[in-house]
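Numbering (the working numbering), first residue to last: 3 to 519. In this text, a Cβ means the ideal position worked out from N, Cα and C, and glycines have one as well. Small disclaimer: the values here were computed from a predicted structure and weren't measured. Structure record follows, encoded as structure tokens.
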Amino acid sequence: MLGARHFDVCVIGSGIAGALAAYRLAAAGRSVVILEAGKRFNSGERLTQLSQHQILRTPLWPWEADGRDGFVDDSQSAIGYSYRLNRSRVKAVGGSTLRWGGLINRYWESDFRTASMYGHGMDWPISYADIESYYCEAEAEIGVAGIQNPSDPPRSRPLPMGPFPAKFGEDEWFSVAERMGIEIGYSSHARNSAPYDGRPACAAFSVCPICPIGARYGADIHVDKALETGSATLFENTVARRILTQTSGEVSGVLATTMDGEDVEVSADNYILAAHSVESARLLLLSEIANSSDQVGRNLMEHWYTGAGGFVESSVYPYRIGFETLECNHWYDGPARRDRGAIKLSFIDRRDPIQIGLREGLLGTDLAQKDCEEFGRWVGVAAEIEHQPNPDSRVTLSESEVDQFGDPVPHVRFAINDVDRKTNAAALDIIQSLLEERGCRDIEAIPEFVRAHHHMGTCRMSNDPTQGVVDADCKVHGSNNLFVAGSSVFPTSGGRQPTLTLAALSLRLADHLLKAA
Ligand SMILES: Cc1cc2nc3c(=O)[nH]c(=O)nc-3n(C[C@H](O)[C@H](O)[C@H](O)COP(=O)(O)OP(=O)(O)OC[C@H]3O[C@@H](n4cnc5c(N)ncnc54)[C@H](O)[C@@H]3O)c2cc1C
Ligand code: SF4
Numbered sequence: 003m004l005g006a007r008h009f010d011v012c013v014i015g016s017g018i019a020g021a022l023a024a025y026r027l028a029a030a031g032r033s034v035v036i037l038e039a040g041k042r043f044n045s046g047e048r049l050t051q052l053s054q055h056q057i058l059r060t061p062l063w064p065w066e067a068d069g070r071d072g073f074v075d076d077s078q079s080a081i082g083y084s085y086r087l088n089r090s091r092v093k094a095v096g097g098s099t100l101r102w103g104g105l106i107n108r109y110w111e112s113d114f115r116t117a118s119m120y121g122h123g124m125d126w127p128i129s130y131a132d133i134e135s136y137y138c139e140a141e142a143e144i145g146v147a148g149i150q151n152p153s154d155p156p157r158s159r160p161l162p163m164g165p166f167p168a169k170f171g172e173d174e175w176f177s178v179a180e181r182m183g184i185e186i187g188y189s190s191h192a193r194n195s196a197p198y199d200g201r202p203a204c205a206a207f208s209v210c211p212i213c214p215i216g217a218r219y220g221a222d223i224h225v226d227k228a229l230e231t232g233s234a235t236l237f238e239n240t241v242a243r244r245i246l247t248q249t250s251g252e253v254s255g256v257l258a259t260t261m262d263g264e265d266v267e268v269s270a271d272n273y274i275l276a277a278h279s280v281e282s283a284r285l286l287l288l289s290e291i292a293n294s295s296d297q298v299g300r301n302l303m304e305h306w307y308t309g310a311g312g313f314v315e316s317s318v319y320p321y322r323i324g325f326e327t328l329e330c331n332h333w334y335d336g337p338a339r340r341d342r343g344a345i346k347l348s349f350i351d352r353r354d355p356i357q358i359g360l361r362e363g364l365l366g367t368d369l370a371q372k373d374c375e376e377f378g379r380w381v382g383v384a385a386e387i388e389h390q391p392n393p394d395s396r397v398t399l400s401e402s403e404v405d406q407f408g409d410p411v412p413h414v415r416f417a418i419n420d421v422d423r424k425t426n427a428a429a430l431d432i433i434q435s436l437l438e439e440r441g442c443r444d445i446e447a448i449p450e451f452v453r454a455h456h457h458m459g460t461c462r463m464s465n466d467p468t469q470g471v472v473d474a475d476c477k478v479h480g481s482n483n484l485f486v487a488g489s490s491v492f493p494t495s496g497g498r499q500p501t502l503t504l505a506a507l508s509l510r511l512a513d514h515l516l517k518a519a
């Protein structure tokens, strides 16, 4: 066993939740140890990763490790397909932001109060106002490009960078919006629209899952910043396997094992569990702690995509940049939300007739003809919809499969309810009306309940220990030194990308620990 060491704070997981907290604590002089299950991917390797995993389409992403990342999925009966967990998370230094989409949003004020405003979901024990200043700080740390759209919630500081211009062909959506009396605004991005924080502006290479120049933010940036303070230590390739407690309930250490099989034990004054929704719940369950309410692992949430598209007369010249630039929140909130969840719309234009033709069995001139007729003439609208908290949507421990260390792998089951189905149906109706107004022909829906890769819930926040796992400060109920960072603490999912909110909560948690010390 590597020698036991004591730190001020132990952070489990080096994704954006763990990295931001670790950086803020280390910058304030606290000794911090970060335990990270995955390895580091240097920016110099990005071109190789691109060629191997985007062009050659090798089956495993470079950060997947079969023995470590096993899971059992049981979502088929609810959402219609098996949830491929390892496509929706990254275990590496920097975590899932190594391949995220980089769209970034604040939740709306109503997202924190859906139970009292609309009669479903659950109110958060904190409000938008409680974290508004942390939203500003998170935007500055990450480097967010965007603009305050008229319907956006109030902000006390401007965004660090201006928005990306609308893509070619998207101007027509502004005309549609004017005719329908709705607002379309610009999306916000965790990618630089101008040089920022020593990183270049986006060069629009259109390969965003792995940005080759670092224009899109990845949390490895804040891991490095934490290490540069000299107060942080990183154990990579090191899997936390048990959180050790004393009879008082106080956490006394974390037992981890390296991918080479060597045991590591660290102890600290305080512990931050930042392993993302599935693994944070799993580690609490493996450690048999924090679950007197039977809430650990429950209310696992996603954002679901649905949508439709059709053909327009002239080309919209797709594939020029790798991300969407506009969004519509007209149907996000309001009285209709009593019957269904929030709906955020975005506008898409990517559709490859060659791939579709091949799937249809076309070859040769038939395939070429399809490509000539269809390429660039397809436009679509995608809806990102709120997923209601649901106790049966959950992470448990597998009773049949173990990982390379002999620990039960997570058993994942995403489940949806009637409100989710209504949200999906409402979104499709709205999209149909937009596409018709745009003059699209041959409108076809794309599949329902497509995952957005946004995991939330499993350790939800509640002032009532019987209803949640952590309190409003993200401290585990019944513990005085164990905290959870990340979207696992979200009581509800909203309908907007989650990462800015979890980043704001991480900075707030770090400040809480600094003030308490
Ligand atoms: C393809 C894709 C696209 C996305 N697009 C967007 C988007 O556009 N906008 C948005 O807001 N969000 C997006 N997301 C979601 C976003 O990436 C996550 O919300 C965010 O990165 C979660 O951060 P985290 O730090 O909580 O978790 P993670 O980034 O997943 O980090 C958790 C870390 O903990 C480590 N870990 C796990 N278990 C252990 C253990 N036992 N011991 C030690 N370490 C452990 C993991 O290896 C990992 O590095 C996307 C995600 C994916 C996969
Ligand atoms: S378009 Fe290119 S440069 Fe811009 S963020 Fe995406 S991958 Fe990076």
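The C-beta of THR249 has fewer than 16 other C-beta atoms within 10 Å across all chains shown, which makes the residue exposed. For ALA276, no beta strand (DSSP E) segment is defined, and its DSSP state is neither H nor E. Runs of the beta strand (DSSP E) lying entirely within the segment 445-495, each at least 3 residues long, are 484-486 in chain order. Ligand 1 never approaches GLN51 closely enough for any of its heavy atoms to be under 6 Å from the residue's Cβ. Here VAL266 is not near CYS12, since their CB atoms are 7 Å or more apart. Here ALA385 is buried, its C-beta having at least 16 other C-beta atoms within 10 Å. Taking 6 Å as the cut-off, the C-beta of TRP306 does not count as close to any heavy atom of ligand 1. The C-alpha of GLY220 lies about 31 Å from the C-alpha of TRP175.
For secondary structure counted as the alpha helix (DSSP H) over 4 or more consecutive residues, the segment 360-440 holds these complete runs in sequence order: 366-376 and 420-440. Within 6 Å of the C-beta of ARG193 there is at least one heavy atom belonging to ligand 2. In the DSSP assignment, SER79 falls within the unbroken alpha helix (DSSP H) covering 78-81. Distance from VAL95 to GLU38 at the Cβ level is roughly 6 Å; contact confirmed, criterion being Cβ atoms closer than 8 Å. Here ASN482 is exposed. Its C-beta has fewer than 16 other C-beta atoms within 10 Å. In this chain, the alpha helix (DSSP H) harbouring GLY20 covers 18-29. Secondary structure note for TYR120: its alpha helix (DSSP H) is the uninterrupted segment 116-120. For GLY121, the number of other beta carbons within 10 angstroms of its own is below 16, and it is reported as exposed. For GLU38, the shortest C-beta to heavy atom distance toward ligand 1 is below 6 Å.
Counting only the Cα atoms, ARG396 lies some 24 Å from ALA427. As the crow flies, the alpha-carbon of ALA19 is around 10 Å from that of ALA512. Residue pairing by DSSP places ARG7 opposite VAL268 in a beta bridge. Secondary structure of GLY15 (DSSP, three-state): coil.
DSSP, read as helix, strand or coil, puts GLY309 in strand. Scanning its chain for C-beta atoms nearer than 6 Å, with the 5 sequence neighbours on each side dropped, one finds around SER77 the residues TYR85, ARG415 and PHE416, in chain order. Here GLY459 really is in contact with ASN301; their C-beta atoms are around 4 Å apart, less than 8 Å.
Straight across, the Cα-Cα distance linking GLU180 with ILE186 is about 9 Å.
The criterion of a C-beta distance shorter than 7 Å is satisfied by ASP444 and GLY312. If you draw a straight line from the Cα of LYS477 to the Cα of ASP226, it is about 26 Å long. Taking the CA atoms as reference points, ASP341 sits about 42 Å from ILE223. Taking the Cα of SER289 as reference, the smallest distance to any Cα among LYS169, PRO410, LEU22 and ALA454 is reached at PRO410.
Between ILE245 and the set LEU285, MET261, ASN272 and THR260, the nearest pair of CA atoms involves LEU285. Just measuring C-alpha positions, the residue of ILE387, PRO449 and SER190 sitting nearest ASN419 is ILE387.
In this structure, DSSP gives VAL225 a helical state, which the three-state scheme calls helix. The DSSP-derived three-state label of GLU329 is strand.
VAL178: member of the alpha helix (DSSP H) spanning 173-182, first to last residue. Between PRO127 and VAL35, the alpha-carbon positions lie close to 29 Å from each other. C-alpha of CYS374 to C-alpha of LEU437: approximately 22 Å in a straight line.
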